[in-house]
Structures are given as C-alpha cells and as structure tokens.
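For reference, the structure is listed below as structure tokens.
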Amino acid sequence: WHESLFGHLYQVSPSQLPSLQPSIVEQFVTTEGSLSVNADICSFNDEQLTAYIQAVLVSIQTITGCSDESTCITEITSACGSLSSSRRLQTSTWQLDYALTESFICEYASCDSQQDSATTSSIVASIVGPVESALSSDEFLSVLSANIILTGSFTADIVACLAVWGVVDSTPILEVELEANDGLYFPDWASNSGTCLQGTAHVYMELNPDAWLYKTLEGCCDRYFGWNKNKCMNIKGSGLWYVNDTKGKCTTDCKEGQGSTCGGLANPVSDDLFGDPSSCCAAKLNWVFLEFCEADSLLSNCYAGTGKYYRGDTAGSEVCVRDCENSATDTTCGGLVEDSYVVLHDTAEECCSTEYDWMEIELCAARSTQTDINKYWPDKINSKCILDSQTPAEDLSISIYNSTAECCAEGITWLSEAECLAASGDSTAQAVGSNRYFVNWILEQCVQDCEGSAPCAGTVLAKTWVEMYDTPQQCCDMIDWVASKDCVYT
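In the working numbering, the protein residues as written are 887 to 1376.
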C-alpha cells in the first residue's frame, strides 16, 4: 500500500512495479530527424546523390559524435522518398530523413526504472541539442558545405549560396516499449511547459486515467491547453515553412531566436506548412517575385537578380533597367524586382519595344545598356546633324541615321545637302548637284545646280524647296522679261 498525494492509501498492482531482476535486456534508443536544402538534390545524377548522402551522413556524425568509433549508429533512412527506387521523387515535405540509434543495458528487464529513463533522456539530449544548435547557427551549413566539396563530385558553386533547414524529434523510438500508460499523454503541471508529456504520470493521474490520460497529444492539448493549442501540439515547431504576414515573407515554424529563419510557432489551424520557402512563396505570396521571395525568406545575400530588363519608372529611370542590386560599378541595375507583376524582358531591345514603343528602339536600348551608338540625329533647331556618341540626343523619340548625308537628306530638308554637311562638320562627304536649272532671283538669271564654272551655281547649290527645271528654256520661261541671250548665267 502507498499513500497518495492527498493522503489516501491505494494499492499498486504488480504490473505497475518495475522488475527487480538483474537485467540483460538491451534498449535501443532511436532519434529521428529530417533535412532539406535549397538545391534540388532529387535531380542529381546517381553519383552526385550518393556523394551528397554521404556528405550529410558524415556531417551528422561530426556534429553529434555519433560515428563508427562510438556505440552510436547513424543512417540515412530516406532521400527523395527512397534510397533504392530508380525513379527518385521527393514524396515527403523533407528531402532527406535520418536516424541515430544508441543502445544501453537496462537496469530492469522492463527498462522503465528511473535510471533507465534518465539514460534514455541523456542519449536523446546528446543528439537533439547539438543538431538543433548547429541548425540554428551556421555550424551545420559550414560542416555540410565542407563535406560536399570533399566528395569531389561537386564544384564550389553548389555551396556558394546553400541554405539548410531541418528538424530533430525529441521523442525517441524505443525497441523495448514501456508500460501502456507510459505511452499516454498527460498535462505537464510540474514544469509548466504548456504541453502534454508521455511517460510516468503522477499517481493521482494513474488512479483516474479516464480523466487525466489521453491516447493522443491533440486530445490532451484540447482538454488542458486549448487557449494555446499550437504551443502544446508542437512545443518546438515542425521546422517547415509558413507565410509570416507580419514580416511579408515565409519563415520556419519554430520559436523566434532558435534560428535565423524562425518566425515563431505556426498556427496549426490557419497556417499551411510547406517543405521549402519556394513552395510557400508560390502559394501564399504570389504577388511577390518568386526568386526574390525565396532569397528574402532564406536571408540569402547571394541572390543577384535575373539580370533581365524591366521598365525603369520605379527605379527613377526614363529607359529600361536591369533586375540586379543597385551598384556604383553597374549603373544599369535598377534594383531587385520584388513584385511579380513587373514584366521582365530578355534584352534591352525587347524591353524598349514593349515598354517604350514611342521611342527610337536603338536609342532606348543604348541608354538602357549605357553604351555609345555611332548614329546621327537631326538637330532641327541648329539645322545640323549630330553624332549621338559625342552628343547624346535628349529626345529619344527622334529618328537616327547611319550617316550625316542620310541625316541631312531626311532630317534637315530645308537646307541643301552641301549646307547641311558643312554645318554638321562633315568634311569627308562631297555635295553633288542635280545638274538641273533653277532661278537665281538675285541675279535674275537661270543657273545650273552643279559645281564648277558657269553656268554652274558653284558651291551655292539649290535649296530643297527651289523649283527645278530640266532645261535652260524651261527655267527662262519663268523670267520671260529677261532677254533670252541674257537669261542663262555665263
């Protein structure tokens, strides 16, 4: 007979007492965990996947001390859903699952003495503590990155922007199962943890199991911690991703401070969980540009943008800019695109023709890429043609030409070609007259549109608006008051 917490006497059945026989029973304690990275390991070839699995295995052994030299065994239990299937698919929310198993000889054959429980707890803590600490800092990533490179199956590029996240279960799998009640859940009043525990309950709970003991964690949480069920159901979080509306990005389901990506415990009712930040961003933040959202969620400094072109209004530019971080050394960058509604274009020409169709495409593209363009534009105020690479046009809708002659002929139509070329400073081009006739009203004579001696007009060629005639007689008919012998310039 034993005295209860309230002073009552009660009798303990033989099944509730531990066996006092010396034990030769070996208890195996298995702690399970899962890992994922922001690389698609399921697309690796067979050699690479095998090398990656080995790198993860060695990393876990290094961090936990669970290696071949110890009594602990580490194994990868699943990768991309299976280790043996030829058709590798990521069928779970985690890329890779692992297990660490350590054994000890139980004090009692039932393996449920206080010493047995303490040994089990110590084994679990020796694994859970180091793994959680390594995942919440840069240690796991550093160790894994080094081991990946050591395999010789990858280049350094794969680890340059690698991110890793994971979870380790603090509830072990025991080969020697404890008494039935030890598998039931009861409220943890002793340590005020805000959750329900499994194991040896208080005596008064054992005496009234219908009131205190529950087969499922959820049932116990509903009964005793309904005001904070999330904490009760998963005191450490699932390690998966959910949208954090306050932060405007996806975060991992774990207490803030336990890791750089932790956003606090997710609400198991209202928050959907995802295996990676990319899936979370695509489903819950589809107005945010996917690549930016993923990098922002991972707190990655590696994302440099797509390098594609987009309309530059939001970046303070009159032309297209590139999707890359603003930089003093590359002023074509307009900043990283955050919003998914922003249209990205492969080339500056494509962006200009779509977003700025009223502009001359070549000029717009040249300003977007900040390169010189050796073409001419007509300065209609000063009646000359200008090389754009020397004096860039401000009006990007203006037409441009391959030569000064073409620019003069089509852009400065009120001057003769000779006058326009001279005004444009083109000493290489030669002006050629039409050899037709026109009236020189100052001389009141007909002159020929050519260079040389009379009747050529010389360097003063005809203006483009001047009426031209094919023969001297046709021209003289326009000044019929002048005698025929004096009509043509000599």
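From the three backbone atoms N, C-alpha and C, an ideal C-beta is built for every residue, glycine too.
In this text, all values refer to a predicted model and were calculated from it rather than measured experimentally.
Using the three-state DSSP reduction, which class does residue i fall into: helix, strand or coil?
i     : result
A1309 : helix
A1343 : coil
D983  : strand
E988  : strand
V1325 : strand
Y938  : helix
A965  : strand
N1337 : Here the sequence assigns Glu to residue 1337, which means Asn is not the residue at that position. Of the three classes helix, strand and coil, the one that applies to E1337 here is coil, per DSSP.
Y994  : coil
C1210 : coil
V1045 : helix
N924  : coil
N1130 : strand
Q1360 : helix
E912  : strand
D1157 : coil
I1286 : coil
E1280 : coil
K1135 : strand
V944  : helix
T1376 : coil
S1370 : helix
A1152 : coil
L1083 : strand
N1029 : According to the sequence displayed, residue 1029 carries Val and not Asn. Helix.
E1177 : helix
Y1189 : coil
I959  : strand
I1365 : helix
Which term fits residue i, buried or exposed, when burial requires 16 or more other beta carbons within 10 angstroms of its beta carbon?
i     : result
S1254 : buried
Y1323 : buried
G1297 : buried
Q1256 : exposed
C1188 : exposed
Y1227 : exposed
Q913  : buried
K1170 : buried
S1155 : The amino acid at residue 1155 is misidentified as Ser; the sequence shows Val. Exposed is the call here.
D1157 : buried
D1225 : exposed
A1049 : buried
Can you find the residues in the same chain that come closer than 8 Å, C-beta to C-beta, to residue i, ignoring five residues on each side of it along the sequence?
i     : result
A1291 : E1303, L1307, D1312, A1315
G951  : C958, S1012, P1016
I1284 : E1246, L1249, W1263, P1264
S1183 : W1127, K1135, C1136, T1137, T1147, P1163, C1166, C1167
L1232 : For clarity, residue 1232 is Asp in the given sequence; the question names Leu instead. Cβ neighbours of D1232 beyond the five flanking positions: K1194, Y1195.
E1455 : This structure cannot speak to residue 1455, because the chain is shown only from 887 to 1376.
D1108 : K1115
S1019 : E1025
Measuring only between beta-carbons, confirm whether residue i sits less than 8 Å from chain B.
i     : result
N1033 : No chain B is part of this structure, which consists of one protein chain only.
Please report the Cβ distance between residue i and residue j, rounded to the nearest whole angstrom; I am assuming they are in contact, meaning their Cβ atoms lie under 8 Å.
i     : j     : result
L1027 : V942  : That belief does not hold up - the Cβ atoms of L1027 and V942 are roughly 12 Å apart, past 8 Å.
K1270 : A1309 : 4 Å
I962  : Y984  : 5 Å
V1053 : G919  : 6 Å
V1325 : M1364 : 6 Å
G1145 : S1022 : 4 Å
Who are the Cβ neighbours of residue i in its own chain at under 7 Å, not counting the five residues just before and after it?
i     : result
G1198 : E1204, V1205, C1206, V1207, G1220
G1150 : K1141, E1142
I1286 : E1246, E1248, L1249, K1261, Y1262, W1263, D1274
May I ask which residues mark the beginning and end of the beta strand (DSSP E) holding residue i?
i     : result
T1240 : Element bounds for T1240: not the beta strand (DSSP E) but the alpha helix (DSSP H), 1234–1241.
Y1071 : 1071–1073
Y1262 : 1262–1265
L1301 : Where L1301 is concerned, there is no enclosing beta strand (DSSP E), given that its DSSP letter is neither H nor E.
Return yes when at least one heavy atom of the ligand MG lies under 7 Å from the C-beta of residue i, else no.
i     : result
T1218 : The model depicted lacks the ligand MG and carries no ligand whatsoever.
Provide the residue span of the alpha helix (DSSP H) that contains residue i, from first to last.
i     : result
D1002 : 1000–1022
Y1090 : 1089–1093
G1052 : Note, G1052: premise wrong, no alpha helix (DSSP H); beta strand (DSSP E) at 1050–1054.
L1249 : 1247–1255
C1219 : Per DSSP, C1219 belongs to no alpha helix (DSSP H) and is neither H nor E.
C1271 : No alpha helix (DSSP H) contains C1271, which is instead part of the beta strand (DSSP E) from 1270–1273.
Y1195 : Note, Y1195: premise wrong, no alpha helix (DSSP H); beta strand (DSSP E) at 1195–1197.
Leaving aside the five residues before and after residue i along the sequence, list all residues of the same chain whose C-beta is less than 6 Å from its C-beta, in chain order.
i     : result
V1045 : S1031, I1034
A1234 : Y1195, C1206, A1251, S1254, T1255
I1059 : T916
I927  : Y938, Q981
D1055 : E918
R974  : The predicted position of R974 is uncertain, since its pLDDT is 40 and thus under 50; no value can be drawn from it.
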